[in-house]
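Some notes on the structure that comes next.
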Amino acid sequence: MTTTAPTSHRELVAETARRVVAEHPPASTPRDEFLGACFDAGLAWVHFPHGSGGLGVEAGLQDLADSVLQGAGGPVPFAINPIGYGMAAPTVVEHARPEVAAELLRPLATCEELWCQLFSEPGAGSDLAGLATRAVLDGDTWVVEGQKVWTSLAHRARRALLLARTDPDVPKHRGLTYFVLDMTDPGVEVRPLRQMTGAAEFNEVHLDGARIPDSHRLGEVGQGWRVAMTTLMNERRAIGGGSSRRGSGSIGTALRLWRERPDLRTPTLRDRLTQLFAAADAARLTGERQRVESGDRPVGPEGSIPKLVGAELNQAVYDFCMDLLGVEATLYGSYDPPDGVDDATDETAGAGDVQRAFLRSRANTIEGGTSEVLRNILGERLLGLPGEPRTDTNRPWREVPRG
Amino acid sequence: MVEFEFTAEQRALREVARDVCTRWSPEAEVRRLMGTPEGFDRTVWRRLGADVGLLGLAVPEEHGGAGAGLVELALLAEETGRTLLGGPLLGTVALAVPALLAAGDDAVAAELLPGVLDGSTVLALAATDDRGTWAPAQPSVTTDGGTLTGGQAHVLDGAAADALLVLAAGEQGPALHLVDGGAPGLTREVQSGLDLTRRQARLRFDGVAARPVGSAGAAADAVATARRTAAVVLAAAAVGSAQRLLDSAVEHARTRLQFGRPIGSFQAIKHRCADMLVDVEHARSAAYHAAWAADEGTDDPALAADLATVVTTEAHLRVARGTVQVHGGTGFTWEHPTHLHYKRAVSDAALLGGRAAAAARLADAVLEPA
Ligand SMILES: Cc1cc2nc3c(=O)[nH]c(=O)nc-3n(C[C@H](O)[C@H](O)[C@H](O)COP(=O)(O)OP(=O)(O)OC[C@H]3O[C@@H](n4cnc5c(N)ncnc54)[C@H](O)[C@@H]3O)c2cc1C
C-alpha cells in the first residue's frame with residue numbers, strides 16, 4: 001500500500017499489530033477476544049481517535065495493520081460485520097455522543113453485535129430522502145412506525161442504522177433524523193426476502209412502535225441527511241474500495257479459472273480477459289491514486305468512481321466467466337439454502353460457485369446506490385454539470401408524489 | 001410469399017398459441033413446475049399435441065403433421081418463450097423430430113411420430129458427449145453389436161424422454177440409435193440447472209439395447225439439421241421472452257415514482273428502455289428471417305440460423321439485464337419474474353454448442369467470401 005504517512009506512524013501501526021498477534025495468538029484466541037484486543041490496541045480503525053478503536057493515524061495505514069493481523073491468521077472482521085465495520089463505525093465515531101460511541105463501538109468491533117442499515121423503503125430507494133418511516137418523540141424516547149426493505153443482515157443484526165422522518169412538513173432533506181436502533185426491540189419484525197441466487201441475504205423490516213432512547217440519536221433532529229451522507233460515502237468506499245493487490249477480487253476469480261481450464265480457452269476469450277484485466281488494474285490504480293491524493297481528507301464525490309466501476313466490472317468479469325464455462329454455465333449448485341438454513345449468504349452457500357457469484361453480481365449496480373444515480377453524482381458534483389430539473393426539493397415532503 | 005408478412009392462417013395460429021400459453025402457463029404454474037422432477041405437465045403437453053395440434057406444425061403431412069413450416073413453429077416458440085411454458089419443445093419438437101425426419105428412416109419415424117405429435121411420447125436427441133459438447137467429432141457413446149456403452153451430459157429433456165435418439169460411434173462412423181427411456185442399463189440423472197424452466201440430463205449407458213436409425217452416413221447431417229431448426233426455435237422463444245421483459249420494464253418505468261416523478265422520465269432510464277426496444281426489434285427480425293430462410297429460401301438457412309443465434313442471444317441477455325436494473329432491488333428478488341427470463345437468456349446462450357460457435361460459423365460464411 002502506497003501512503004504518505006510518516007515512517008513513525010507506519011512503525012507504530014506495524015509494531016502494535018505485531019504485539020497484538022504475539023500476545024493473542026490468533027490460532028488459540030477466541031475470535032471476540034482477539035478482535036477486542038485489536039480494538040483496545042487501536043487497530044480496528046487506525047484513523048479513529050485513541051480509545052475508540054484507533055491510533056489517530058492515517059486511514060491508509062489500515063491495510064498495514066490488517067496485513068499483519070490477518071497474515072498471522074487473524075479473522076477478517078469486515079467479512080463478518082460488513083455494515084458495522086464499513087459504515088456504522090465511521091458514522092458512530094463522527095456523530096454519536098462520546099458515551100454512546102464508547103458503549104457501541106467495542107461490541108461492534110468484536111462482532112458480538114452485528115449491524116444492519118435501515119435506510120431503503122418500498123417507496124424510497126434511489127430517492128432515499130423521500131422515505132416515509134416516521135419517528136415521533138414521546139418524552140425522551142422516539143417511537144418509530146414504518147417499513148424498511150432490502151435490509152441486508154437484519155435477521156442477524158443486533159443494531160441498526162436508522163433514518164426516519166421526524167418532520168413531514170418541511171422539504172424532504174430537512175425533515176430527517178438519524179438513530180441507532182436496537183433490533184431486539186419488540187416493535188421490530190424481520191421477514192426474509194429471497195433473491196435470485198436462492199439465498200436470503202436481505203429482509204423486510206417492519207417497525208411497529210419500536211422505541212429508541214433519545215441518547216441513541218446521531219446528530220441533531222432534522223440533520224439526519226447530513227449524518228446519512230457519512231454512512232453512504234463510507235458504504236461506497238466499503239463496497240467499491242477494492243483491494244490494492246493486483247489481480248484480487250472478481251478478476252482474480254477469472255484469472256484463476258483461465259489458468260485452471262486450458263481446455264476452455266479461445267483467442268476471443270483471451271482478448272476479452274486481457275481487456276478486463278486492464279480495466280480492473282486501471283480501477284485498482286485509480287483507487288490507489290485517490291487514497292494518496294486525498295490523504296486524510298474525507299472522501300468526496302470522487303468516492304463514487306470506484307463503486308460505479310467496481311460494480312460494472314464485476315458484472316463484466318462474471319459474464320466473461322460464464323462465457324468461458326460454456327455449457328457448464330447452465331448448471332447451478334442449489335437454489336435451496338443448505339441444511340434448511342434460510343439465512344445463508346451467498347458467501348457461505350457454495351464457495352467457488354462461479355454461477356452463484358455471477359447471479360449475485362446483478363445486484364452490484366443496484367445496492368449502495370444504483371449506477372444511474374452514481375453517474376448523476378459524478379456528472380453533477382464532480383463535473384459541475386447542471387442537474388435535471390427538480391420538483392421535489394423545495395416543497396414540503398408531504399406534498400411530493402410518491403409510489 | 002413476402003418475408004415478414006404473415007398469412008391469415010399464421011396470424012390465427014399465433015392467436016391460438018398465445019391463448020393456450022397464457023392460459024396454461026401463468027407465472028404461478030411456471031413456478032410450481034420448476035419444483036417438479038420433470039419440469040412440465042404431461043397433461044398440458046398432451047393437450048397441446050392431441051387437442052390443439054401444435055406439436056407437428058413443421059412435420060410434413062405424410063408423417064402425420066400439419067405440413068406447415070418453421071415460421072409456424074417460430075410463432076409457437078415465441079409464445080412459449082413469453083410465458084416460459086414448461087415442456088420438451090426444444091428437446092422433442094425442435095431437436096429430436098427434425099433429426100428423426102432427416103435421418104430418413106421411415107419405419108422408425110412411422111413408429112414414433114404418432115405418439116410424439118399427440119404429446120404422449122417425449123423424444124430426446126442425445127447428441128452430446130460426456131462433458132456436454134454438442135455434436136462431438138468423437139462421440140463418447142460407442143456401439144457394439146446392437147448395444148450402447150458410454151455417457152453423455154447436458155441432454156435436453158433427456159430424463160423425461162420416453163425414447164432417445166442417441167448419437168454413438170460405430171464401425172461406419174457416428175450413427176443415430178433409438179433407445180427406450182426405460183431400457184435396462186440406462187441411468188439418467190437430472191442436472192441441477194441455472195434455468196429451472198428447462199431440464200438437462202446426464203446419461204449413462206451400460207450395454208443398453210439400441211436400434212440403428214437411418215444410415216450411419218446420414219447422422220451428422222441429421223444432427224446439424226436438428227441444430228439449425230432448434231436454433232430458430234430458441235431464437236423465436238428469446239424474442240417472446242425479451243418482449244415480455246421489455247413490457248414489464250416499460251410498465252415499471254412508467255409507474256414507479258422517485259424524486260416525485262416517474263423514473264421513466266429520467267433519460268438514463270428512458271434511453272435504456274429505448275435501447276432495449278431496438279434489441280427486441282432486431283432479435284425479432286433475425287429470428288423471423290431465419291424461419292423464412294428455412295421455409296422459403298429467402299437466405300442461406302444455415303447463415304440465417306447462425307445470425308439469429310448471435311443476434312437474439314445478445315439481445316435477450318441485454319434486455320434481461322436492463323430489466324433487472326430498471327426494477328432496482330425488486331428486479332433482484334426471487335418473487336419477481338425477471339430472474340426466470342434472465343436465467344433463460346443466460347442458459348440458452350450456451351446451448352447447442354453456444355453462441356460463440358454460431359459466431360465462428362457466421363464469420364466463416366461472411367468475412368472472407370470466396
Ligand atoms: C443485494 C442488495 C442489498 C441491499 N442492502 C441494503 C441494506 O442493507 N440497507 C438498505 O437500506 N438498502 C439496501 N439495499 C437497497 C438499495 O440501496 C436500493 O435497492 C437502491 O438504492 C435502489 O433503490 P430501489 O431498489 O428502490 O430502486 P429505484 O430507486 O426505484 O430505482 C429503479 C431504477 O430507476 C433508476 N433511477 C432512480 N432515480 C433515478 C434518477 N434520478 N436518475 C436516473 N435513474 C434513476 C435507478 O437507477 C434504477 O435503475 C440493497 C439492495 C440490494 C439489491
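So the protein sequences, as listed, match chains W and G.
Per the UniProt record's numbering, the first sequence starts with residue 1, numbered consecutively.
Per the UniProt record's numbering, the second sequence starts with residue 1, numbered consecutively.
Just so it is clear, CB atoms sit at the ideal spot from N, CA and C, and this is done for glycine as well.
Please report the straight-line C-alpha distance between R321/G and N394/W, rounded to a whole angstrom. Here residue 321/G is taken as the residue at index 321 of the second sequence, counted from 1. Here residue 394/W is taken as the residue at index 394 of the first sequence, counted from 1. Between R321/G and N394/W, the C-alpha separation is close to 35 Å.
Considering just the uninterrupted stretch of the beta strand (DSSP E) at H327/G, what are its terminal residues? As a first step, residue 327/G is located in the second sequence; it is residue number 327 there, counting from the start. Per DSSP, H327/G belongs to no beta strand (DSSP E); it is in the alpha helix (DSSP H), 301-327.
Is the Cβ-Cβ distance between L118/W and V205/W less than 7 Å? As a position in the first sequence, residue 118/W is number 118, starting the count at 1. As a position in the first sequence, residue 205/W is number 205, starting the count at 1. Taking 7 Å as the Cβ cut-off, L118/W and V205/W qualify as a contacting pair.
Give a yes or no on whether the minimum CB-CB distance between G260/G and chain W is below 7 Å. Taking the second sequence and counting its residues from 1, one reaches residue 260/G at position 260. With 7 Å as the cut-off, G260/G counts as an interface residue toward chain W.
From T166/W to R174/W, what does the alpha carbon distance come to, in whole angstroms? As a working mapping, residue 166/W is identified with position 166 in the first sequence. As a working mapping, residue 174/W is identified with position 174 in the first sequence. Those two C-alpha atoms are separated by around 9 Å.
To the nearest angstrom, report how far apart W162/W and H216/W are at their CA atoms. Position 162 of the first sequence holds residue 162/W. Position 216 of the first sequence holds residue 216/W. Checking the displayed sequence, the identity of residue 162/W turns out to be Leu instead of Trp. Using only the alpha carbons, I get a separation of about 10 Å.
Once DSSP output is grouped into helix, strand and coil, what is the label at T255/G? Along the second sequence, read from residue 1 onward, the residue named residue 255/G stands at position 255. In this structure, T255/G counts as helix in the three-state DSSP scheme.
What is the C-beta distance between A163/G and L112/G, in whole angstroms, given that I count them as a contact (C-beta under 8 Å)? Along the second sequence, read from residue 1 onward, the residue named residue 163/G stands at position 163. Along the second sequence, read from residue 1 onward, the residue named residue 112/G stands at position 112. Sure, about 6 Å apart at Cβ, within 8 Å.
Helix, strand or coil, according to DSSP, for L394/W in the structure here? In the first sequence, residue 394/W corresponds to position 394, counting from 1. For the record, residue 394/W in the displayed sequence is Asn; it is not Leu. If DSSP states are grouped into helix, strand and coil, N394/W belongs with coil.
Kindly indicate if chain G contains any beta-carbon less than 7 Å away from that of E372/W. What you label residue 372/W is simply residue 372 of the first sequence in a count that begins at 1. With 7 Å as the cut-off, E372/W counts as an interface residue toward chain G.
Can you look up H155/W in the DSSP assignment and give me helix, strand or coil? Start at 1 with the first residue of the first sequence, and residue 155/W comes out as number 155. H155/W falls in the coil class under three-state DSSP.
Kindly indicate which residue of I212/W, G222/W, W150/W, L264/W has the alpha-carbon position closest to the one of R191/W. Taking the first residue of the first sequence as position 1, residue 191/W is located at position 191. It is W150/W.
What's the gap between the Cα of L176/W and the Cα of N364/W? On the first sequence, position 176 is the one that residue 176/W refers to. On the first sequence, position 364 is the one that residue 364/W refers to. Going by the C-alpha atoms only, they are around 27 Å apart.
Where the alpha helix (DSSP H) containing V172/W begins and where it ends: The residue given as residue 172/W occupies position 172 in the first sequence. According to the sequence provided, residue 172/W is Lys. The question's Val does not apply to it. K172/W -> no alpha helix (DSSP H), and no H or E assigned at all.
Note down, in chain order, every chain G residue with its Cβ under 7 Å from the Cβ of D127/W. The residue you call residue 127/W lines up with position 127 of the first sequence. Chain G residues near D127/W: Q258, F259.
Kindly indicate if chain G contains any beta-carbon less than 7 Å away from that of I366/W. In the first sequence, residue 366/W corresponds to position 366, counting from 1. Yes, I366/W counts as interfacial toward chain G.
Once you ignore the five residues that flank P213/W on each side, which residues in its own chain have a CB closer than 7 Å to its CB? Translated into the one-based positions of the first sequence, residue 213/W becomes position 213. Counting only Cβ-Cβ distances below 7 Å, and skipping sequence neighbours, we find D140, T141.
CB of V326/G to nearest heavy atom of ligand 1: below 6 Å? For the purposes of this step, residue 326/G is identified with residue 326 of the second sequence, where counting begins at 1. Yes.
So, does the stretch 138-150 of chain G touch the stretch 64-82 of chain G, judging by three or more C-beta pairs under 8 Å? no
Amino acids of chain G, ordered along the chain, whose beta-carbon sits closer than 7 Å to that of D353/W: Residue mapping note: residue 353/W aligns to position 353 of the first sequence, counting from 1. Going along chain G, no residue has its Cβ under 7 Å from D353/W, so there is no contact; the nearest lies around 11 Å.
Evaluate H154/G with the Cβ neighbour count: other Cβ atoms within 10 Å of its Cβ, from every protein chain shown; 16 or more gives buried, anything less gives exposed. The residue given as residue 154/G occupies position 154 in the second sequence. The residue in question, H154/G, is buried, as its Cβ has 16 or more Cβ neighbours within 10 Å.
If you draw a straight line from the alpha carbon of M196/W to that of Q10/G, how long is it in whole angstroms? The count along the first sequence starts at 1 and reaches residue 196/W at position 196. The count along the second sequence starts at 1 and reaches residue 10/G at position 10. Going from the Cα of M196/W to the Cα of Q10/G covers about 37 Å.
I need the DSSP call for G350/W, collapsed to helix, strand or coil. Start at 1 with the first residue of the first sequence, and residue 350/W comes out as number 350. Because the pLDDT at G350/W is just 39, under 50, the model does not fix this residue reliably, and the value given afterwards should be weighed accordingly. DSSP places G350/W in coil when its eight states are reduced to three.
Would DSSP call W334/G helix, strand or coil? Position 334 of the second sequence holds residue 334/G. Residue state, collapsed to three classes: coil.
Is it true that the stretch 303-320 of chain G meets the stretch 238-249 of chain G, where meeting means three or more beta-carbon pairs spaced less than 8 Å apart? yes
A358/G - DSSP class collapsed to helix/strand/coil: Reading the second sequence from its first residue, position 358 is the one you call residue 358/G. DSSP places A358/G in helix when its eight states are reduced to three.
Only counting runs of 3 or more residues, tell me where the beta strand (DSSP E) segments fall wholly within the stretch 159-247 of chain G, in order along the chain. 163-170, 173-180, 186-191, 200-209, 211-213
Tell me, please, whether the CB atom of D64/G is closer than 7 Å to any CB atom in chain W? Stepping through the second sequence from its first residue, residue 64/G is reached at position 64. Per the sequence presented here, residue 64/G reads as Gly, with Asp not at that position. No, no contact with chain W.
Is any heavy atom in ligand 2 found nearer than 6 Å to the beta carbon of R390/W? Annotation note on ligand 2: not contained in the displayed structure, which lists ligand 1 as its ligands.
7 Å Cβ cut-off: residues of chain W touching S347/G: Here residue 347/G refers to the residue found at position 347 when the second sequence is read from its first residue. By Cβ distance, chain W contributes T330.
D169/W at chain G interface by Cβ criterion, 7 Å: For the purposes of this step, residue 169/W is taken as the residue at position 169 of the first sequence. No, no contact with chain G.
Taking 6 Å as the line, does the beta carbon of G125/W fall inside it for any heavy atom of ligand 1? For this step, residue 125/W is matched to residue 125 along the first sequence. Yes, ligand 1 has a heavy atom inside 6 Å of this Cβ.
Per-residue DSSP class, three states only, for D343/W: Taking the first residue of the first sequence as position 1, residue 343/W is located at position 343. Model confidence at D343/W stands at a pLDDT of 46, short of 50, so the residue's coordinates are unreliable; what they give is reported in the following sentence. Here D343/W sits in coil by DSSP.
Could you name the residues of chain W that G158/G contacts, counting a contact when the two beta carbons are closer than 7 Å? For the purposes of this step, residue 158/G is taken as the residue at position 158 of the second sequence. Simply none; closest approach about 13 Å.
From residue 465/W to H24/W, what distance separates their C-alpha atoms? No information on residue 465/W is available, as it lies outside the stretch 1 to 403 that chain W covers here.
Only counting the same chain, and skipping five residues up and downstream in sequence, which positions put a Cβ closer than 6 Å to that of E3/G? On the second sequence, position 3 is the one that residue 3/G refers to. Taken in chain order, the residues that qualify are W292, T298.
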